[in-house]
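Taking it in order: structure first as structure tokens, then the write-up.
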Amino acid sequence: MTKKIQIQAPKGVSEYAPPRSRAFEWIRESLIRPAKLAGYQLIELPVFEDTELFSRGVGESTDVVSKEMYTFEDRGGRSITLRPEGTAGVMRAVIEHGLDRAALPVKIWYSGAFFRAERPQAGRYRQFYQVGIEAIGVNDDALDAEVIAIADAGFKSIGLKAYRLELTSLGDAQSRAAHKVDLVKFIETLDLDEATEARAHINPLRLFDDKREEVKSSMANAPLLLDYLSDASKASFENVQKHLRSLGVAFVINPRMVRGLDYYTGTTFEFVHENLGAQSGIGGGGRYDGLMSQLGGQDLSGIGFGLGVDRALLAAEAEGIDFSHLQGTDVFIIPLGELAMETALAIAGTLRAGEISVDIAFGDRALKGAMKMADKSGSRFVIVLGESEIDSQSVELKEMSTGNSLSVTLATLRDHLVSVLKK
Ligand code: HAM
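According to the working numbering, the sequence shown is numbered sequentially starting from 3.
Take a look at the structure:
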């Protein structure tokens, strides 16, 4: 006799089954809706790409590239990596399809699974979900502010309150070069291990992101890039802040922020939630000046964000946001007998064509059991369909929350429901 082995999902992946998947789906749609309303268009990208795209695009000094990529050789001997983030892939596709030859900015949104081989913990997964946008080809402070405001609108639309927007600027090349001279000098005075030194050599800013207490305290007096901004970068950063204020988007400046990816320049930002413990970043993004040319395209700047759908859901749950309105269909039909089932299927078809959601009690149940099922489903209205209803061509439409019933003819049922449900 063969023993049955229970197969489980791989360690650290996020997975959403009903009923929680309803909230997940609603959050994912809500987070990206403001971008659609602002004219961003969908791009669907492969979940795996040539490894070089990420090592060149995201940067060798990052944990994401150096430790967390799911990289493997495919059957043709090519090095393939499961996408750890979306921006590099969008750039690759924009260049490949010549999207940057049309009107600028190219405005793209995306949504999907991303992969990082991190140590799993609450809110940190090896497969997780992001929605994101990228606006490519225009360097305009108003666009920076709008991109940030779109992310903020997404979080607000799901009812999140306990989060803050942190903002900084990495300035232009001149600002970064001036800062780097002093930062490197400062880092040389520190007693660092070899691996940290190597990382600092590729990108000295990375040390601001080190989680170890001893490195944190050594970096407490490190020179900050914000103090080195050129006049032009300073003016631009102030302009972004002015636009955000007039859009009513609250923010705090965090001059020590370091994003986990190397392509950032200029405006950078993170949304940090207060109830999520260590994995508090619910979204982040910024401008990236050199990425496109680094990947073989024109020298165009871009700005965008990625929002963590998993973490936004955890944040919504931590804030006690109510998802009960997502439960159940508009109507639940209980057919009594074979003829009633046939009629129920036909009614369901008509109602669904009018965007009214309908569930049916399948499986020839007794009325009592079916009523229980309707109750549990959380549907708004229930219809019991028996011989007499079919004879009279009219049904009792019962509202589950109040218990109130209304007699409605089958001919007018759809119009009635459309008006009650304001579809
Ligand atoms: P990121 O900050 O690496 O940026 O990721 C964006 C968001 O994805 C994070 O704020 C977090 O909510 C979520 N996230 C990241 N890693 C995990 C994980 N292991 N488990 C659960 N959630 C996670 C980017 O990826 C950039 N591509 C964003 C961007 C777009 N910048 C410019 N354009």
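Heads up, the beta-carbon is just placed ideally off N, CA and C, and yes, glycines get one too.
As the structure is a computational prediction, the values presented were derived from the model and not from experiment.
The residue among E319, G298, H327 and G288 with its C-alpha nearest the C-alpha of G304 is G288. A Cβ-Cβ distance of about 5 Å is found for the pair Q176 and S232, placing them in contact under the 8 Å criterion. Segment contact: the region 332-348 against the region 311-318, fewer than three CB-CB distances shorter than 8 Å; contact not assigned. The region 207-226 makes no contact with the region 149-167; the number of CB pairs closer than 8 Å stays below 3. Every beta strand (DSSP E) of 3 residues or more that sits fully in the region 71-134 is shown, in chain order, as 73-75, 81-84 and 108-117. For V67, the uninterrupted alpha helix (DSSP H) run begins and ends at D65 to S68, by DSSP. Annotation for V140: L106, P107 and S303 place their beta carbon closer than 8 Å to its own, counting only its chain and skipping 5 residues before and after. A contact between stretches requires three or more CB pairs, one per stretch, nearer than 8 Å, and the region 147-154 meets this requirement with the region 35-52.
Of the candidates L185, L84, E75 and L278, L185 places its Cα closest to the Cα of F210. Of the residues assessed, A200 falls on the exposed side of the cut-off, its CB having fewer than 16 other CB atoms within 10 angstroms. In this structure, the ligand HAM has no non-hydrogen atom nearer than 7 Å to the beta-carbon of T64.
Inclusion of Y290 and Y265 in the CB contact set at 8 Å is warranted, their separation being smaller than that value.
Its Cα nearest to that of T270, the residue D143 stands out among S396, D143 and L192. Residue pairing by DSSP places I349 in no beta bridge whatsoever.
Residue environment: S81 is assigned as exposed (fewer than 16 neighbouring CB atoms within 10 Å of its CB, all protein chains considered). Around Q329, the same chain offers G380 as residues with beta carbons nearer than 6 Å, after the five sequence neighbours per side are excluded.
Apart from sequence neighbours up to five positions away, the residues of its chain that approach A95 with a beta-carbon distance below 8 Å are I45, L47 and L101, ordered along the chain.
For F50, the enclosing beta strand (DSSP E) begins and ends at F50 to D52.
Looking at the DSSP output, Q43 shares a beta bridge with I110. Excluding the 5 residues flanking it on each side, L353 has same chain C-beta neighbours closer than 6 Å at V360 and R416, in chain order.
When the beta-carbon positions are compared, I255 and L169 come within less than 8 Å of each other.
A direct Cα-to-Cα measurement between T73 and I97 gives close to 23 Å. Secondary structure in the region 196-282: the beta strand (DSSP E) runs of 3 residues or longer, each lying completely within the stretch, are 267-275 in chain order. Relative to A252, the option among D324, P225 and R166 whose CA is nearest is R166. Between the alpha carbons of D195 and L55 lies a distance of about 29 Å. Comparing alpha-carbon positions, the option among S68, A350, M221 and G322 lying closest to I335 turns out to be A350. Beta bridge pairing from DSSP links A137 with K109 and I305. Contact between L263 and V66 holds: CB atoms are separated by about 6 Å, below the 8 Å threshold.
For F307, the CB contacts under 7 Å within the same chain, skipping 5 residues up- and downstream, are G134, I135, V149, A153, G285, G286 and G287 in chain order.
In this structure, Y112 is the residue among K13, Y112, K69 and E75 with its C-alpha nearest to the C-alpha of E31. Here the distance from the Cβ of R261 to the nearest heavy atom of the ligand HAM is below 7 Å. The secondary-structure analysis by DSSP pairs R166 across a beta bridge with V274. Between K13 and the set Y42, R128, E70 and I7, the nearest pair of CA atoms involves R128. Taking 8 Å as the cut-off, the beta carbon of S57 is found no closer than this to the beta carbon of F130.
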